[in-house]
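Enquirer: Every letter in the sequence shown is one number past the one before it in the working numbering, and letter 57, counting from 1, is 242.
Note that CB positions come from ideal geometry on N, CA and C, so glycine has one too.
On a predicted model such as this, the values are computed, not experimentally measured, just so you know.
Take this structure first; my questions come after.
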Amino acid sequence: MAAETFKGWYSRGYLPHFDTDQYPQMITYRLADSLPKKVVEGLLRNLDENDEVRRARLEEFLDNGYGSCLLKKHDFAQIIIDNWKFYDGRHYRLQDWVVMPNHVHVVYDRPTRSMPKIVQAWKSYSSHEIKAKLGTSNDGHALWQTDYFDRYARDERHLFNMQCYIFLNPVRAGLVDDPFDWPYSSIHKHELLRPSIMRWWQDCRERFWRSF
């Protein structure tokens, strides 16, 4: 089998991507109805904003819980998580994740497939399964928004910031008071890190969407 080709920096429109097997990657993708049309148009108009600012603005809007928020349903959230775990050790090493009501965050490293292929596999399978359960397989509407955000971890500290962001996203969105109470998160395997995670929250809660 030929070795996988990783693209490095590339763009599919207004979002830049960095496809690499050298760094841990955090991927964010969202439901197609998760942002009002005027918000999307505003993001597209402000192309002079750097990617950091654009990502932070999008994340803040997503945490308002707009749209159908299908992923708050247990069965649908579990489809996402089980799909990530299915490819763990096959296409990448799965590190951490959270399923929010209208979007998801997932961190992996050591990929053996390119980022576009990995994300496409996630979206394709979960879309098929969720739409089948909804009875909307042939309605012509996409479940997921086409593109996605990615962010690579520069070092261990940056990776920890990403992890804390993921773990505390349900708290910042007002879904729970304690991040360990959110069921659709990998935080539950990190109980020993609770003090460090909560210190991070105290330090970064006011600048949460720009914390890494």
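1) Quickly, what does DSSP pair PRO201 with across the bridge? List them, please.
2) So TYR272 is in the beta strand (DSSP E); what residue range does that whole segment cover?
3) Across the region 322-341 and the region 356-373, are there enough close Cβ pairs to call them in contact, namely three or more that are closer than 8 Å?
4) Does the structure place the region 383-395 close enough to the region 340-358 that three or more beta carbon pairs sit under 8 Å?
5) Write down every uninterrupted run of the beta strand (DSSP E) in the region 306-376 whose length is 3 residues or greater and which is fully enclosed by it, in chain order.
6) Out of PHE345, LYS270, LEU378 and LEU319, state which residue places its alpha-carbon closest to the alpha-carbon of SER253.
7) Can you have a look at ASP273 and say buried or exposed, based on whether 16 or more other CB atoms are within 10 angstroms of its CB?
8) Run through the DSSP bridge pairs and tell me what HIS288 is partnered with.
9) So, with DSSP's three-state summary, where would you put ASP248?
10) Where does ASP294 fall in DSSP's three states?
11) Report yes if the C-beta distance between ILE266 and VAL284 is below 8 Å; otherwise report no.
12) Our contact map puts HIS290 next to THR213 with C-beta atoms below 8 Å; I'd like the distance itself, whole angstroms only.
13) To the nearest angstrom, how far is the alpha carbon of TYR208 from that of ASP294?
14) Where does ARG278 sit, in a helix, a strand or coil, going by DSSP?
15) When the Cα of ASN287 is compared with those of HIS202, SER371, GLU245 and ARG390, which residue comes out closest?
Expert: Looking at the coordinates:
1) SER196
2) Run containing TYR272: none in the beta strand (DSSP E); it sits in the alpha helix (DSSP H), 259-272.
3) no
4) yes
5) 334-337
6) Of all alpha-carbon atoms in PHE345, LYS270, LEU378 and LEU319, the one lying nearest the alpha-carbon of SER253 is that of LEU319.
7) exposed
8) ARG215
9) coil
10) strand
11) yes
12) 5 Å
13) 6 Å
14) strand
15) GLU245
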